[in-house]
Amino acid sequence: MLRSLVNVALFLVAFSVATATIREATPERLKNEWFKKERDNFEIVFLGSSHVYRQLNPAILDSTLTARGHSLRSFNFGVPGMRFPEAVYMAHRTLDWAPKNLRFLVLELGDWRTDIREENLRTERMVYWHSLPITLQLFSAIWSEDLPLQERLLRSWTHLHHMALRLGNVDQGPVLWEALVKGERESFYLPNGTLRPGLGLDGKGYRPLDLEASKTTFQQRRQEFLNDLRGFRSARTELRSKKWEGEKDSTLAAAIDSLRARAAKQGVEVLCLVLPGYEKPEGWLQLHLDGHLPLFLAFNDPDAYSELYRAKHRWDLFHLNEAGANKLSSTFANEFADWLETRDTQENPHVVH
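Shown next, in the form of structure tokens:
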């Protein structure tokens, strides 16, 4: 019996080492591979959903910071639909790649969501970020949430299943096949020699929604917004009455603390920002006040940031157009520069709106 257990343990260790070796040797998704190739050219990396991808322009960020005396180069690692657990995983992955000049990881703050949309189940991307640490943090969140037992068990099994698929490198098959069939130029570049759109303008990850104007889906979203400007103004008015309230989420706090501790060992600081939406989620400000977030830049204030809440600067209800994105980028850069210039002289340096 003991020999059998030892053999099983040895097999599991060997299997884990083998799968980890395969994963490290296998090319990752396009934007990841591009960043790995260019990683030493950036000091700031932004991570988050389409709100990052479509709204933070490195060209504006970098030029504004340079004008303020801070020579910092930024990369937009935003990906549509990226929730906070995935963003935290990608932050850890970025640290794995050890960019020589990286100084700041800036994450779009979000709740530690444990649900998965049905259309995303068992997709390559969903499997990809289900590492053991992230999955354990998801378990912690599930069992601290106010959910029926059946739902807790279902969500736990779903995340465990995705972690098991990842352990077997199920998500790496299509990526490896593409890498074997195509060369780097075909992966990163279109036949005409230009970079693929997903890599963003100038290969810095940002792509404004204005460049999607010819696509039916984006046209529809734009028209729906224009047809319901009353709804937009109503949401903006309701936001003015909302307050930062509630207790922090302990799982969210632990995930941030763990990431910050690891990043600090590499000389990297982790910051979070809230982009101009319509909510003030419970507990987020408390994370900042309790010291989990050294800088908490919240742009979801239509009074302090009125330009970001003008219809002319919106593409749809939840996204800025290119003009709005440029305003957000310059505003962030200036407030970030303010923080850089004053944090060493303030007892408790925070920026909150």
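Just so you know, we're using our numbering here: the sequence shown kicks off at 13 and counts up by one.
The beta carbon of each residue, even a glycine, is placed where N, CA and C say it ideally should be.
The alpha helix (DSSP H) that contains residue 72, what's its start and end?
Taking the sequence shown and counting its residues from 1, the one referred to as residue 72 is at position 60. Here the alpha helix (DSSP H) through residue 72 covers 70 to 79.
On the DSSP bridge list, what partners appear for residue 310?
In the sequence shown, residue 310 corresponds to position 298, counting from 1. Its beta-bridge partners are 286.
When you compare the region 298 to 308 with the region 258 to 267, are there three or more beta-carbon pairs, one atom per stretch, that lie closer than 8 Å?
Enough Cβ pairs lie closer than 8 Å, so yes.
Ignore the nearest five residues each way along the sequence and tell me which others in residue 50's own chain have a CB closer than 8 Å to its CB.
Here residue 50 refers to the residue found at position 38 of the sequence shown. So the qualifying residues of the chain are 87, 215.
Which class does residue 294 belong to by DSSP, given the choice of helix, strand or coil?
Stepping through the sequence shown from its first residue, residue 294 is reached at position 282. Three-state result, residue 294: coil.
Where does residue 114 sit, in a helix, a strand or coil, going by DSSP?
Indexing the sequence shown from 1 puts residue 114 at position 102. Correct three-state label for residue 114: coil.
DSSP has residue 88 in a bridge; who is on the other side?
Indexing the sequence shown from 1 puts residue 88 at position 76. Answer is 58, bridged to residue 88.
Say whether the region 74 to 94 touches the region 335 to 355, bearing in mind that this needs 3 or more beta-carbon pairs closer than 8 Å, one atom from each stretch.
Because the criterion of three Cβ pairs below 8 Å is met, the region 74 to 94 and the region 335 to 355 touch.
Buried or exposed: where does residue 161 fall if 16 or more other Cβ atoms within 10 Å of its Cβ makes it buried?
Taking the first residue of the sequence shown as 1, we reach residue 161 at position 149. Burial call: exposed.
With a cut-off of 8 Å, do at least 3 Cβ pairs link the region 323 to 341 to the region 151 to 160?
Too few Cβ pairs lie closer than 8 Å, so no.
Could you give the first and the last residue of the continuous beta strand (DSSP E) run that contains residue 327?
As a first step, residue 327 must be located in the sequence shown, where it is residue number 315. Element bounds for residue 327: 326 to 328.
Would you tell me roughly how many angstroms separate the C-alpha atoms of residue 347 and residue 283, rounded to the nearest one?
To locate residue 347, count along the sequence shown from 1; it is residue 335. To locate residue 283, count along the sequence shown from 1; it is residue 271. Using only the alpha carbons, I get a separation of about 13 Å.
Rank 90, 117, 150 by C-alpha distance to the C-alpha of residue 127 and give the top, closest one.
Here residue 127 is taken as the residue at index 115 of the sequence shown, counted from 1. Cα-wise, what sits closest to residue 127 is 150.
Find the nearest neighbour of residue 314 within the set 304, 268, 255, 294, judged by alpha-carbon distance.
Residue mapping note: residue 314 aligns to position 302 of the sequence shown, counting from 1. Of the listed residues, the one whose Cα sits closest to residue 314 is 255.
Per DSSP, residue 120 is paired with what?
One-based indexing of the sequence shown puts residue 120 at position 108. According to DSSP, residue 120 bridges with 285.
Where residue 228 and residue 276 are concerned, what is the direct C-alpha to C-alpha distance, given to the nearest angstrom?
Residue mapping note: residue 228 aligns to position 216 of the sequence shown, counting from 1. Residue mapping note: residue 276 aligns to position 264 of the sequence shown, counting from 1. Going by the C-alpha atoms only, they are around 45 Å apart.
Quick one: using the 10 Å Cβ neighbour count with 16 as the cut-off for buried, is residue 43 buried or exposed?
If you number the sequence shown from 1, residue 43 lands on position 31. The residue in question, residue 43, is buried, as its Cβ has 16 or more Cβ neighbours within 10 Å.
Taking 7 Å as the cut-off, is the beta-carbon of residue 100 closer than that to any non-hydrogen atom of the ligand SAH?
For the ligand SAH, the structure offers nothing, since it holds no ligand at all.
What is the C-beta distance between residue 211 and residue 217, in whole angstroms, given that I count them as a contact (C-beta under 8 Å)?
As a position in the sequence shown, residue 211 is number 199, starting the count at 1. As a position in the sequence shown, residue 217 is number 205, starting the count at 1. So it is a contact: roughly 7 Å between Cβ atoms.
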